[in-house]
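The structure under discussion appears below in the form of structure tokens.
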Amino acid sequence: MNQMTDIFMSQVHTIAVLVGSLRKESINRKIALALAELAPASLKLNIVEIGDLPLYNEDIDGDSPPPAYTTFREQLGAADGVLFVTPEYNRSVPGALKNAIDVGSRPYGKSAFSGKPGAVISASPGAVGGFGANHHLRQSLVFLDVLCLQQPEAYLGGAGSFFDESGALSDKTRPFLQKFIDAFAAWVEKNGKAAAN
1 MNQMTDIFMS QVHTIAVLVG SLRKESINRK IALALAELAP ASLKLNIVEI
51 GDLPLYNEDI DGDSPPPAYT TFREQLGAAD GVLFVTPEYN RSVPGALKNA
101 IDVGSRPYGK SAFSGKPGAV ISASPGAVGG FGANHHLRQS LVFLDVLCLQ
151 QPEAYLGGAG SFFDESGALS DKTRPFLQKF IDAFAAWVEK NGKAAAN
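If you're matching positions, the sequence shown starts at 1 in the UniProt record's numbering and goes up one per residue.
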């Protein structure tokens with residue numbers, strides 16, 4: 001490797017993690033935390049909270065937007081990439097996550113998501129693992145100019161079996177999550193800010 005490659009490979013990329021579920025014992029939050037532990041040294045995952053964002057309303061998003069909007073947009077803007085970890089509600093994403101996407105994408109032309117590498121992982125107790133939410137979210141991310149990881153696709157069905165009674169990640173789930181986060185790390189290195197310079 002040359003010196004530029006060594007510098008590039010040693011950079012730590014910060015990732016804004018948006019968890020679609022607000023529930024205290026959310027399986028999706030547990031998955032996000034597990035991914036943070038499994039992440040290679042080149043990634044630092046930070047959960048960006050979405051539960052306190054006021055519902056998006058253009059009338060209050062003028063010269064003095066709500067402080068929660070400003071803080072959220074700054075957290076997204078500072079990140080090198082974005083990871084969505086979400087359940088499925090009615091074949092789509094939960095309302096809180098949709099609201100966060102709306103807040104982060106405004107004002108028009110100043111989206112905090114634009115050009116960032118991203119990934120989607122969906123989990124649900126059902127057999128299809130949040131397939132509907134995953135693909136509905138991906139449609140929005142295309143419009144928002146998020147460079148979404150294509151493989152491996154991540155639909156985690158049977159979510160109740162991912163963790164044991166003590167809260168530890170199951171041996172059956174760990175290899176897939178490791179494969180996913182390693183692929184995402186490579187995707188971020190390939191498509192992140194540093195790749196554009």
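Here a beta-carbon is modelled for each residue, glycine too, at the ideal position from N, C-alpha and C.
Straight-line gap, residue i to residue j (C-alpha atoms, nearest Å)
| i | j | result |
| --- | --- | --- |
| Thr70 | Asp171 | 40 Å |
| Ala34 | Asn28 | 10 Å |
| Ala133 | Lys110 | 25 Å |
| Asn57 | Ser114 | 21 Å |
| Asp61 | Glu165 | 44 Å |
| Ala159 | Asp63 | 43 Å |
| Ser21 | Gly157 | 16 Å |
| Leu43 | Ala127 | 30 Å |
| Asp145 | Leu76 | 14 Å |
| Leu137 | Val82 | 13 Å |
| Gln151 | Ser161 | 23 Å |
| Ile181 | Phe131 | 19 Å |
| Val103 | Pro40 | 30 Å |
| Ala36 | Ile47 | 9 Å |
| Asn99 | Leu45 | 21 Å |
Buried versus exposed call for residue i [16 or more other C-beta atoms within 10 Å across all chains shown]
| i | result |
| --- | --- |
| Val12 | exposed |
| Gly192 | buried |
| Lys143 | A quick correction: the sequence has Phe, not Lys, at residue 143. So Phe143 ends up on the exposed side. |
| Tyr155 | buried |
| Lys30 | buried |
| Asp59 | exposed |
| Gly129 | buried |
| Glu74 | exposed |
DSSP beta-bridge partners of residue i
| i | result |
| --- | --- |
| Lys44 | Thr14 |
| Ile121 | Val85 |
| Val19 | Val85 |
| Ser92 | Tyr89 |
| Leu156 | Ala123 |
| Leu169 | Phe163 |
| Leu147 | Pro117 |
Are there three or more Cβ pairs, one per stretch, closer than 8 Å when the region 43-59 is compared with the region 120-128?
-> no
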